[in-house]
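Protein chains in written order, with the working numbering: chain C, 1091 to 1236; chain V, 47 to 576.
The beta carbon of each residue, even a glycine, is placed where N, CA and C say it ideally should be.
First comes the structure, then the notes that go with it.
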């Protein structure tokens, strides 16, 4: 039985971003669901739900960016950094969600239908894509897992 | 695949950004939206709503607003705590209603945080202990020289009061949650008696537009109270709008209330035109459709009138933000009489008849415009005069009191207006905490004080004015009036006594078009008793 070498321990350091990066994916996916619920039911609760989900996703997403930068400068987590394309798509997702929360901040039906709903759908598709893209990189697979 | 959705994403983004800026540019001539037939651009909601909030800096010593030649402006009262409205009693005493909005509106969305922060800037105050507000102060000008000689706090710790009316030794106070009736005789310097709750009004916890203005009908029997909507454009749900965006008619004797007119988003400044006896109001219209939509307006209010909110604006311009649509309500919407330009926040209205102001202002309306915060350049922050002829607006609005703004900051913001006991115009400045008096420069005053409540000679009312109690006969008369009003509103009433066999006639379930009997939320008001 091999005992973990110091090198192994270094590479196994926990990337802090793993704690925060999943939030936007979960929140923005649920925001699409609650947008659809609002579109179908016209129940204001779902519009508020979407607005808070977008808000929470953005806050934790932004913390994820900061954590990612910290991981980048830490030698023991640097090898686990995501690919450039993955990181870029992640930032685009946050930018879209920010625009989406401005749309959702409007009053009434048009705060969701049609542009809010469309932005939520585009954000969701990008979430799927970034998951697919990141799965291709060996280390990143680890980094994006809790 | 990836590229396509990226492009899609970006184009959706630019689409919603794009239709913001272009349509309503800065070149828009604001005067097109003053008058009976305003120019209405296409709605242009923007992703990042326009915002320009004036920080309140207050008035320095000897600083005053500006008035045109022939008028003179002086401070009437200083160091008030958010004075909103003024009311002159028949003996010339002036009541100042000082008020702050109620707290406790729930935070439903992330946006509500930001909105609360912006509003705090626009209303001044900021940090530190705030002076006690929510009170009514009496100002007495004993020798009628245009300066206040005595000052008494009549009522304190009210629940965000706004409108008052006085008749029959009773002071009616419209707080944000109820109309209260206080026993008060002219000349008294304090009110010690307990109030009677006349009619509860839609209050919190949401209470978005909280100001409840009050007017007394010329016959002295009815009170009219304005109840603003509970949202910008029903974002708190239609259920929250019951009895709101409406003017209620309240029986002064019984407290029974009904919706007199509806579809008025945030009506204030209820005033009867002394010439025609028609009820007039100024109304704040909806936001977030662009810097030049929707013009705030002044209108006469008809019994049963519907003025569009929320389904449409300025007559039949449909607001797509309201879902589901109600074409039947859009069809019913009456366009208002006179537009005052967009986002000026008209909150005060008084007619100039019976004033001692120069002849140019002999017949018309003074309007207090609190000023905009949700457009890219300031609008309002002044008092304007709209000339009237034969009880109708006749001509362009003229600036009467200006000089509130100082660059990107403001010294104060005008709200309520009124004619004082000497026939001069009073302007309440809720951000500058001042009361301004605008008088004829030649010092002319009216021969005797004229009260804000224009009760025409009604023998029954005036004969009992001293006792403060109406004889039963009057009571029954007013009850009959109420009863007959109700009957005429209801479905065809029984006109001839029906025999027992026929008694059920007219009681069958409605057939045909039941839609017609579906009242809108804002048309629902409780008929309450004491």
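query: With respect to the alpha helix (DSSP H) encompassing residue 1191 of chain C, which residues constitute its N-terminal and C-terminal limits?
result: On the first chain, residue 1191 of chain C is found 101 positions in, with the first residue counted as 1. Element bounds for residue 1191 of chain C: 1174 to 1194.
- prompt: If you draw a straight line from the C-alpha of residue 191 of chain V to the C-alpha of residue 494 of chain V, how long is it?
  reply: Taking the second chain and counting its residues from 1, one reaches residue 191 of chain V at position 145. Taking the second chain and counting its residues from 1, one reaches residue 494 of chain V at position 448. Cα-Cα distance, rounded: 12 Å.
- prompt: Apart from the five residues just before and just after residue 512 of chain V, which ones in its own chain have a Cβ nearer than 7 Å to its Cβ?
  reply: To locate residue 512 of chain V, count along the second chain from 1; it is residue 466. A caution first: residue 512 of chain V carries a pLDDT of 40, below 50, which makes its placement in the model unreliable, though a value can still be read off. Cβ neighbours of residue 512 of chain V beyond the five flanking positions: none.
field: Euclidean distance between Cα positions of residue 380 of chain V and residue 1150 of chain C
entry: Here residue 380 of chain V refers to the residue found at position 334 of the second chain. Here residue 1150 of chain C refers to the residue found at position 60 of the first chain. Roughly 49 Å between the two C-alpha positions.
task: Tell whether a beta-carbon distance below 8 Å holds between residue 421 of chain V and residue 389 of chain V.
output: To locate residue 421 of chain V, count along the second chain from 1; it is residue 375. To locate residue 389 of chain V, count along the second chain from 1; it is residue 343. Going by C-beta atoms, residue 421 of chain V is nearer than 8 Å to residue 389 of chain V.
field: Reference residue 1192 of chain C, options V:371, V:155, V:263, V:568, closest by Cα
entry: Stepping through the first chain from its first residue, residue 1192 of chain C is reached at position 102. Of the candidates V:371, V:155, V:263, V:568, the one whose C-alpha sits nearest the C-alpha of residue 1192 of chain C is V:155.
message: The alpha helix (DSSP H) that contains residue 293 of chain V, what's its start and end?
response: Reading the second chain from its first residue, position 247 is the one you call residue 293 of chain V. Run containing residue 293 of chain V: none in the alpha helix (DSSP H); it sits in the beta strand (DSSP E), 292 to 297.
field: Whole-angstrom C-beta distance between residue 99 of chain V and residue 419 of chain V, which should lie under 8 Å
entry: Working through the second chain from its first residue, we reach residue 419 of chain V at position 373. Working through the second chain from its first residue, we reach residue 99 of chain V at position 53. About 5 Å separates the two Cβ atoms, so the contact holds.
query: Quick one: is the Cβ of residue 133 of chain V within less than 7 Å of any heavy atom of the ligand GTP?
result: This structure simply doesn't include the ligand GTP, nor any ligand for that matter.
Neighbourhood of residue 1110 of chain C by C-beta, 7 Å cutoff - its chain only, sequence neighbours within 5 removed: Reading the first chain from its first residue, position 20 is the one you call residue 1110 of chain C. Cβ within range, chain order: 1150, 1153, 1154, 1157.
task: Tell me where the alpha helix (DSSP H) around residue 326 of chain V begins and ends.
output: Locating residue 326 of chain V in the second chain gives position 280, counting from the first residue. From DSSP, residue 326 of chain V is part of no alpha helix (DSSP H) but of the beta strand (DSSP E) over 325 to 330.
task: Can you say whether residue 1172 of chain C is buried or exposed, counting buried as having 16 or more other CB atoms within 10 angstroms of its CB?
output: For the purposes of this step, residue 1172 of chain C is taken as residue 82 along the first chain, with counting starting at 1. With 16 or more Cβ atoms within 10 Å of its Cβ, residue 1172 of chain C is classed as buried.
message: Per DSSP, what are the beta-bridge partners of residue 465 of chain V in this structure?
response: Here residue 465 of chain V corresponds to residue number 419 of the second chain, with the count starting at 1. Beta-bridge pairing links residue 465 of chain V to V:471.
query: Which residues in the same chain have their Cβ closer than 7 Å to the Cβ of residue 452 of chain V, if we skip the five residues on either side of it in sequence?
result: By 1-based counting over the second chain, the position of residue 452 of chain V is 406. These residues qualify, in order along the chain: 103.
query: Looking at residue 210 of chain V and residue 141 of chain V, is the spacing between their C-beta atoms short of 8 Å?
result: Residue mapping note: residue 141 of chain V aligns to position 95 of the second chain, counting from 1. Residue mapping note: residue 210 of chain V aligns to position 164 of the second chain, counting from 1. Against a cut-off of 8 Å, the Cβ pair of residue 210 of chain V and residue 141 of chain V comes out as a contact.
message: Beta-carbon within less than 6 Å of residue 123 of chain V's beta-carbon, same chain only, minus the 5 sequence neighbours each way: which residues are those?
response: Here residue 123 of chain V refers to the residue found at position 77 of the second chain. Hits under 6 Å: 185, 194, 481.
- prompt: Using the beta-carbon of each residue, which ones in chain C are nearer than 7 Å to residue 368 of chain V?
  reply: Start at 1 with the first residue of the second chain, and residue 368 of chain V comes out as number 322. Per Cβ cutoff of 7 Å: 1198, 1199.
task: Within the stretch 330 to 366 of chain V, note down every full beta strand (DSSP E) run reaching 3 residues or more, in order along the chain.
output: 341 to 347
field: Residue closest to residue 292 of chain V, alpha-carbon to alpha-carbon, out of V:250, V:311, V:298, V:114
entry: As a first step, residue 292 of chain V must be located in the second chain, where it is residue number 246. Here the closest residue by C-alpha is V:311.
- request: Report the option in V:326, V:183, V:96 whose CA atom is closest to the CA atom of residue 198 of chain V.
  value: Position 152 of the second chain holds residue 198 of chain V. Among V:326, V:183, V:96, the Cα nearest to that of residue 198 of chain V belongs to V:183.
task: Using a Cβ cut-off of 8 Å, pull out every chain V residue sitting near residue 1142 of chain C, in sequence order please.
output: As a position in the first chain, residue 1142 of chain C is number 52, starting the count at 1. 155, 156, listed in chain order.
message: Assuming residue 250 of chain V and residue 322 of chain V are in contact, meaning their beta carbons sit under 8 Å apart, how far apart are those beta carbons, in whole angstroms?
response: On the second chain, residue 250 of chain V is found 204 positions in, with the first residue counted as 1. On the second chain, residue 322 of chain V is found 276 positions in, with the first residue counted as 1. Wrong, their Cβ atoms sit about 36 Å apart, outside the cutoff.
message: Looking at the secondary structure, which residues open and close the beta strand (DSSP E) in which residue 484 of chain V lies?
response: Taking the second chain and counting its residues from 1, the one referred to as residue 484 of chain V is at position 438. First-last of the beta strand (DSSP E) with residue 484 of chain V: 480 to 486.
query: Applying a beta-carbon distance threshold of less than 8 Å, which residues of chain C neighbour residue 279 of chain V?
result: For the purposes of this step, residue 279 of chain V is taken as the residue at position 233 of the second chain. In chain order: 1197, 1198.
message: If you follow the alpha helix (DSSP H) that residue 218 of chain V is in, where does it begin and where does it stop?
response: Residue 218 of chain V sits at position 172 when you count from the first residue of the second chain. Looking at the DSSP string, residue 218 of chain V is not in any alpha helix (DSSP H); the run it does join, the beta strand (DSSP E), is 216 to 220.
message: Tell me which residues of the stretch 308 to 335 of chain V have at least one Cβ-Cβ distance to chain C shorter than 7 Å, keeping chain order.
response: 334
- request: Below 8 Å on the Cβ atoms is my guess for residue 413 of chain V versus residue 332 of chain V; work out the distance and round it to an integer in Å.
  value: Residue 413 of chain V sits at position 367 when you count from the first residue of the second chain. Residue 332 of chain V sits at position 286 when you count from the first residue of the second chain. Contact doesn't hold; Cβ gap of about 19 Å is too wide.
- prompt: Should residue 1127 of chain C be flagged as near chain V, meaning a C-beta pair shorter than 8 Å?
  reply: Counted from its first residue, the first chain places residue 1127 of chain C at position 37. False, the Cβ-Cβ gap to chain V never drops below 8 Å.
- prompt: Looking at residue 448 of chain V and residue 112 of chain V, is the spacing between their C-beta atoms short of 8 Å?
  reply: As a first step, residue 112 of chain V must be located in the second chain, where it is residue number 66. As a first step, residue 448 of chain V must be located in the second chain, where it is residue number 402. In this structure, residue 448 of chain V lies closer than 8 Å to residue 112 of chain V by Cβ.
message: Only counting the same chain, and skipping five residues up and downstream in sequence, which positions put a Cβ closer than 6 Å to that of residue 400 of chain V?
response: Taking the first residue of the second chain as 1, we reach residue 400 of chain V at position 354. Contacts found: 496.
message: Any beta carbon of chain C sitting closer than 8 Å to that of residue 478 of chain V?
response: Working through the second chain from its first residue, we reach residue 478 of chain V at position 432. For residue 478 of chain V, the answer is no, since every Cβ of chain C falls outside 8 Å of its Cβ.
- request: Flag this pair as yes or no: are the beta carbons of residue 110 of chain V and residue 462 of chain V separated by less than 8 Å?
  value: Indexing the second chain from 1 puts residue 110 of chain V at position 64. Indexing the second chain from 1 puts residue 462 of chain V at position 416. It is not a contact, given that the beta carbons lie outside the stated cut-off.
message: Distance cutoff 8 Å, beta carbons only. Does residue 1134 of chain C sit that close to anything in chain V?
response: In the first chain, counting from the first residue as 1, residue 1134 of chain C sits at position 44. At least one chain V Cβ lies under 8 Å of residue 1134 of chain C.
task: Could you have a look at residue 105 of chain V and say whether DSSP puts it in helix, strand or coil?
output: The residue given as residue 105 of chain V occupies position 59 in the second chain. Looking at residue 105 of chain V - three-state DSSP - the assignment turns out to be coil, as it is neither helix nor strand.
message: If I measure Cβ to Cβ from residue 404 of chain V and keep anything under 6 Å in the same chain, skipping five residues before and after, which residues do I get?
response: Position 358 of the second chain holds residue 404 of chain V. 116, 486.
query: In chain C, which residues lie with their C-beta within 8 Å of the C-beta of residue 283 of chain V?
result: The count along the second chain starts at 1 and reaches residue 283 of chain V at position 237. In chain order: 1134.
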